[in-house]
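Data block below; observations after.
In our numbering, the protein residues as written are 2 to 420.
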């Protein structure tokens, strides 16, 4: 069968944007911006090969909407108009190869190690301590909520002015928008807490403010959990999250991307093996944990790695069971992320109607030409789910840190450069 006839390489429409295929690059933090959030050549070097390979849609790593929203060092920002020229350089580098790019906009809320980013204070829906980092946020006032709504809208407009093809609201993985939706992290008793309608109010206001700034024809999508994966805590299960998606669809959101878990959940959002990941984390972001937590992690790292390896074994399409429930209720496109490696698995998911598109992160880090290799059925460096890249995020540039796979990648990139 000709690749043009395959469902993975058939067109998909997201809002006003028509895309030629259904395999996208999901958001992964780059750790390649300048210290103050500007685009660098290293950011361009990360994305340009993916665009050259024909990847139809690239979603950036989370871009902070304000200085308070920053979750890690060397993160891209859209917090000021002075960021627009650099963001425009990134867009131009992607557009030069015919690819499209969305900016993922985010506020970290309580999911941050304050010393890691130099934060003076941390805010969230409620003052609920993060059990992984030990960070206890301060509950936001209504006035602060309204300021953050405006921050999202202003950041989205900056990205539109820079030439992005759309934006993604990051409402997954336990970040601020997710913290408002989830009862475990939102214990408010005002108009932003309690019922599902009230807990979605913040997200609805963010969407409406963005839409008011960017207009009706600019795609706005949302990343959200298929499950909060918070055992013994008041996290959301799939049926409740589907209801959230239905609410946002009625508001006008153009598509949803389905992920899983909070930081407190462990590693359900990546899966694989975690020895290398945890070693890197201890030397990076986790080196800034409070002393007791840091010591415990060092002492118990082998046990944590073993337990994580057993709990979250790598497998393809591990969020498809969730995505299928969204697909059954929504008319807008449902994008599923989670362990996709092979063309066969992605095509099967699409043929069975479990989702409308597949997205991947780590395979593109191991092989920026992943899309072309899948499309052309040619071999390339293959991610082995060691999660070394995940362990380094925030401390070292996003790249493959598995020695064998990295050697294959470097050799491939040298061959491409010589052409």
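Think of the CB as a built atom: it goes at the ideal place given N, C-alpha and C, for glycine as much as any other residue.
Since we're looking at a predicted model, the values are computed, not measured.
Reduced DSSP category for residue i - H, G, I as helix; E, B as strand; rest coil
i           : result
residue 2   : Its pLDDT being 37, under 50, residue 2 is placed unreliably in this model, and the value from its coordinates should be taken loosely. In the structure shown, residue 2 sits in coil (DSSP, three-state: anything other than H, G, I, E or B).
residue 270 : coil
residue 384 : coil
residue 223 : strand
residue 172 : strand
residue 187 : coil
residue 213 : helix
residue 261 : coil
residue 393 : helix
residue 323 : helix
residue 251 : helix
residue 125 : strand
residue 58  : strand
residue 342 : coil
residue 167 : strand
residue 78  : strand
residue 428 : Nothing can be reported for residue 428: it is not among the residues displayed for the chain, which extend from 2 to 420.
residue 193 : coil
residue 1   : No statement about residue 1 is possible, as the shown extent of the chain runs from 2 to 420 and does not include it.
residue 119 : coil
residue 114 : coil
Rounded distance between the beta-carbons of residue j and residue i, thought under 8 Å
i           : j           : result
residue 208 : residue 252 : 5 Å
residue 100 : residue 52  : 4 Å
residue 395 : residue 27  : Residue 395 to residue 27, Cβ: 18 Å. No contact.
residue 456 : residue 15  : The requested residue 456 does not occur in the structure, where the chain is confined to residues 2 to 420.
Exposure label - residue i; buried when at least 16 CB within 10 Å
i           : result
residue 82  : exposed
residue 18  : buried
residue 88  : buried
residue 130 : exposed
residue 354 : exposed
residue 190 : exposed
residue 242 : buried
residue 421 : What is shown of the chain runs 2 to 420, which leaves residue 421 out entirely.
residue 314 : exposed
residue 386 : buried
Identity of the residues DSSP links to residue i by a beta bridge
i           : result
residue 359 : 24 and 337
residue 14  : 19
residue 107 : 65
residue 102 : 59
residue 161 : According to DSSP, residue 161 bridges with nothing at all.
residue 139 : 124
Pair every Cβ in the stretch 107–123 with every Cβ in the stretch 57–70, then say whether three or more of these pairs are closer than 8 Å.
yes
Inspect the CB distances between the stretch 37–45 and the stretch 8–25 and report whether three or more fall short of 8 Å.
no
Are three or more beta carbon pairs between the stretch 140–159 and the stretch 196–216 nearer than 8 Å?
yes
Taking 8 Å as the cut-off, does the stretch 280–292 touch the stretch 230–245 (at least 3 CB pairs, one atom from each stretch)?
no
Count Cβ pairs between the stretch 265–275 and the stretch 306–314 that sit closer than 8 Å; are there 3 or more?
Enough Cβ pairs lie closer than 8 Å, so yes.
Taking contact to mean at least 3 C-beta pairs separated by less than 8 Å, is the stretch 164–176 in contact with the stretch 209–229?
yes
Cβ contact check for the stretch 316–324 and the stretch 224–236: 3 or more pairs under 8 Å
yes
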